[in-house]
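Participant: Have a look at this one before I ask anything.
Residue numbers (UniProt numbering): 1 to 237.
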């Protein structure tokens, strides 16, 4: 029986050398840990099949919706032109979902055009057309009522139709740094960049605005009139 030939320098060859260090499997992070690493600018983790787009949107949006509803005059967060607004976050979620719809359509188009492998021009045109034809969800309107009662958190529904399919795509994608990528960026890295410039950026702007407003409200309620303090000590001003 012939033995399998291991080419010099390949992972199989290196693993067969006695005493050679074995490659470590990349550490897996939970979805909240991946979010923390992403926002801290740390090295990209592996976004695998257990990562959910719908859950990511819900985990980010739901607590912000509660804080906006509990704030003084929630409707002031509905002005799209103001940094840290709810419409800006809605647009960011919409952009992220639309981009991922395109990724899924591209993967599907690659399968559908496999028979055109020897005609790259035709295949490229067909894939581009199929990707462009993929239906993206409509951008929802954030109403004053939704701001007051927190129901704008239903932005999660934008991902309902693609959540399972995208998790499956992640599960069949190379982790960052895999040799099969041949130096190209992984699906995880593309996803991380997308989330950073869309959902993360808009959510953090809204979070910081809420923090500033809550701090200002606290100062207004705790500051004491210095004249009143002097009067309490029997000193007229």
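Quick reminder that beta carbons are idealized off the backbone N, C-alpha and C, glycines included.
Alpha carbon to alpha carbon, what distance is there between residue 49 and residue 172?
Facilitator: Position 172 of the chain shown holds residue 172. Position 49 of the chain shown holds residue 49. Going from the Cα of residue 172 to the Cα of residue 49 covers about 8 Å.
Participant: Classify residue 84 as buried or exposed, calling it buried when 16 or more other Cβ atoms lie within 10 Å of its own Cβ.
Facilitator: As a working note, residue 84 is residue 84 in the chain shown. Residue 84 should be labelled buried.
Participant: When we look at the beta-carbon of residue 187 and count the other beta-carbons within 10 Å, is it buried (16 or more) or exposed?
Facilitator: Counting from one through the chain shown, the residue named residue 187 turns up at place 187. Answer is buried; the Cβ neighbour count reaches 16.
Participant: For residue 95, which residues in the same chain have their Cβ closer than 6 Å to its Cβ, ignoring the five residues on either side in sequence?
Facilitator: On the chain shown, residue 95 is found 95 positions in, with the first residue counted as 1. So the qualifying residues of the chain are 198.
Participant: Per DSSP, what kind of secondary structure is residue 149 in: helix, strand or coil?
Facilitator: Locating residue 149 in the chain shown gives position 149, where the first residue counts as 1. Here residue 149 sits in helix by DSSP.
Participant: By the 10 Å Cβ neighbour count, where 16 or more other Cβ atoms means buried, how is residue 47 classified, buried or exposed?
Facilitator: Locating residue 47 in the chain shown gives position 47, where the first residue counts as 1. Buried, by the Cβ-count rule.
Participant: What span of residues does the alpha helix (DSSP H) with residue 103 cover, start to end?
Facilitator: As a first step, residue 103 must be located in the chain shown, where it is residue number 103. Here the alpha helix (DSSP H) through residue 103 covers 86 to 112.
Participant: Tell me, please, whether the segment 50 to 63 touches the segment 145 to 163 by the rule of three or more beta-carbon pairs shorter than 8 Å.
Facilitator: yes
Participant: For residue 125, which three-state DSSP category applies?
Facilitator: In the chain shown, residue 125 corresponds to position 125, counting from 1. Correct three-state label for residue 125: helix.
Participant: In whole angstroms, give me the CA-to-CA distance for residue 214 and residue 135.
Facilitator: The count along the chain shown starts at 1 and reaches residue 214 at position 214. The count along the chain shown starts at 1 and reaches residue 135 at position 135. When rounded, the distance between both Cα atoms is 40 Å.
Participant: Can you tell me whether DSSP reads residue 221 as helix, strand or coil?
Facilitator: The residue labelled residue 221 in the question sits at position 221 within the chain shown. Summary for residue 221: the model assigns pLDDT 48, below 50, so the residue's position carries little reliability; its value from the coordinates is reported in the next sentence. Correct three-state label for residue 221: helix.
Participant: Which value, in whole angstroms, describes the spacing of the CA atoms of residue 93 and residue 155?
Facilitator: For this step, residue 93 is matched to residue 93 along the chain shown. For this step, residue 155 is matched to residue 155 along the chain shown. So the two alpha carbons sit approximately 8 Å from each other.
Participant: Buried or exposed: residue 235, going by 16 or more other Cβ atoms within 10 Å of its Cβ?
Facilitator: Sequence index remark: in the chain shown, residue 235 carries index 235 (1-based). Classification of residue 235: exposed, given that the 10 Å Cβ count is below 16.
Participant: Look at the alpha carbon of residue 150 and the alpha carbon of residue 43, and state the distance between them as a whole number of angstroms.
Facilitator: Numbered from its first residue, the chain shown carries residue 150 at position 150. Numbered from its first residue, the chain shown carries residue 43 at position 43. Using only the alpha carbons, I get a separation of about 34 Å.
Participant: Suppose you measure from the CA of residue 227 to the CA of residue 53; what does that come to, to the nearest Å?
Facilitator: What you label residue 227 is simply residue 227 of the chain shown in a count that begins at 1. What you label residue 53 is simply residue 53 of the chain shown in a count that begins at 1. Taking the straight line from one Cα to the other gives about 55 Å.
Participant: Measuring straight from C-alpha to C-alpha, what distance separates residue 77 and residue 111?
Facilitator: Counting from one through the chain shown, the residue named residue 77 turns up at place 77. Counting from one through the chain shown, the residue named residue 111 turns up at place 111. Cα-Cα distance, rounded: 44 Å.
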